[in-house]
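A.B. asks: Sharing a structure with you now.
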Amino acid sequence: MSRTPCTAPVPFAALLDYWLGDLDAAREEAIERHLFGCSECCASLERIAELAGGIRALLRRGEIAAAVTPAFVEALRDSGVRLREYDVPRNGSVHCTVAPDDDLLVARLQAPLAGVERLDLVTFEPGEEAPQRLTDIPFSAATGEVVLVPRVDRIRALGESTATMRLVAVEGSGERVLGEYRFLHTPWAGA
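First residue of the sequence shown: 34, per the working numbering; consecutive thereafter.
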């Protein structure tokens, strides 16, 4: 591997897409060829891997919330993480709770996502005065779902309450609400 400074560094966004497996085969192969000969870009990719590992660890401990891919949820399940999952239909609601032995909660929001280029999530949580907005979240147009992993520590601390989420398509002409979802939470009552 070369020790000289890279004259054509791979952009961070391209390295991230490479790490996530979001590139077409030709672009992936070109980046791999570059990485085999460039220690500087390899070091950048290693930093992305370290960052991903840290985020994954925080998520597994329920310390952060995130919109994730279905494949990420499957990887969590395969690694032994105990999941409680809720499927919520478009404009629907679900009664939900979190058990003491649940490691993480997963919410699958169903929505018509064909043709959507950018998707935002607006959350109205109990006790919060203003809604929170996550921008440009990942989604699967093919399956018509958005997969969310909320902070399990915050959910455990809730009393009986209702949270509302909205999926909003952001388009050149403005915004369009795709669906509204209500989570009717009750604390764990035991078995």
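Glycine included, each C-beta is placed from N, C-alpha and C at the ideal position.
1) Do you know whose CA, among Leu91, Ile97, Ser173 and Arg60, lies nearest Val149's CA?
2) Which class does Ser35 belong to by DSSP, given the choice of helix, strand or coil?
3) Could you tell me the distance, in whole angstroms, from the CA atom of Arg187 to the CA atom of Thr102?
4) If I follow the unbroken beta strand (DSSP E) through Phe157, where does it start and stop?
5) Find out if the Cβ-Cβ distance for the pair Leu211, Val201 is shorter than 8 Å.
6) Looking at C-beta atoms only, is the number of pairs between the stretch 57-75 and the stretch 160-172 that lie closer than 8 Å three or more?
7) Mind checking Pro145: buried by the 16 CB within 10 Å criterion, or exposed?
8) Would you tell me roughly how many angstroms separate the C-alpha atoms of Glu193 and Leu92, rounded to the nearest one?
9) Gln165 to Thr37, Cα distance in whole Å?
10) Can you pull the DSSP bridge partners for Arg117?
11) Which residue wins for smallest C-alpha separation from Gly95, given the options Leu84, Arg115 and Ala104?
12) Are the Cβ atoms of Pro171 and Ala140 separated by less than 8 Å?
13) For the candidate residues Asp111, Ser77 and Ala59, whose alpha-carbon lies nearest to that of Cys39?
14) I need the boundaries of the alpha helix (DSSP H) containing Gly86, first residue and last residue.
C.D. replies: Taking the geometry as given:
1) On the sequence shown, position 116 is the one that residue 149 refers to. Looking from the CA of Val149, the closest CA among Leu91, Ile97, Ser173 and Arg60 belongs to Ser173.
2) In the sequence shown, the residue the question calls residue 35 occupies position 2. Unreliable placement is indicated for Ser35, whose pLDDT of 47 sits below 50; the coordinate value is still reported in the next sentence. Three-state result, Ser35: strand.
3) The count along the sequence shown starts at 1 and reaches residue 187 at position 154. The count along the sequence shown starts at 1 and reaches residue 102 at position 69. For Arg187 and Thr102, the distance between alpha carbons rounds to 22 Å.
4) Taking the first residue of the sequence shown as 1, we reach residue 157 at position 124. Its beta strand (DSSP E) spans residues Arg151 to Phe157.
5) If you number the sequence shown from 1, residue 211 lands on position 178. If you number the sequence shown from 1, residue 201 lands on position 168. In this structure, Val201 lies closer than 8 Å to Leu211 by Cβ.
6) No, the stretch 57-75 is not in contact with the stretch 160-172.
7) Walking along the sequence shown from the start, residue 145 turns up at place 112. When all chains shown are included, Pro145 counts as exposed.
8) Within the sequence shown, numbered from 1, the residue matching residue 193 stands at position 160. Within the sequence shown, numbered from 1, the residue matching residue 92 stands at position 59. Approximately 24 Å, taken between the alpha carbons.
9) Along the sequence shown, read from residue 1 onward, the residue named residue 165 stands at position 132. Along the sequence shown, read from residue 1 onward, the residue named residue 37 stands at position 4. Take the alpha-carbon of Gln165 and the one of Thr37: they are about 46 Å apart.
10) Here the question's residue 117 lines up with position 84 in the sequence shown. Its beta-bridge partners are Leu138.
11) The sequence position of residue 95 within the sequence shown is 62, counting from 1. Looking at the Cα atoms, Arg115 is the closest of the given residues.
12) On the sequence shown, position 138 is the one that residue 171 refers to. On the sequence shown, position 107 is the one that residue 140 refers to. Not a contact, by the Cβ cut-off of 8 Å.
13) Position 6 of the sequence shown holds residue 39. Of the candidates Asp111, Ser77 and Ala59, the one whose C-alpha sits nearest the C-alpha of Cys39 is Ser77.
14) In the sequence shown, the residue the question calls residue 86 occupies position 53. Looking at the DSSP string, the run of the alpha helix (DSSP H) that includes Gly86 is Ser72 to Arg93.
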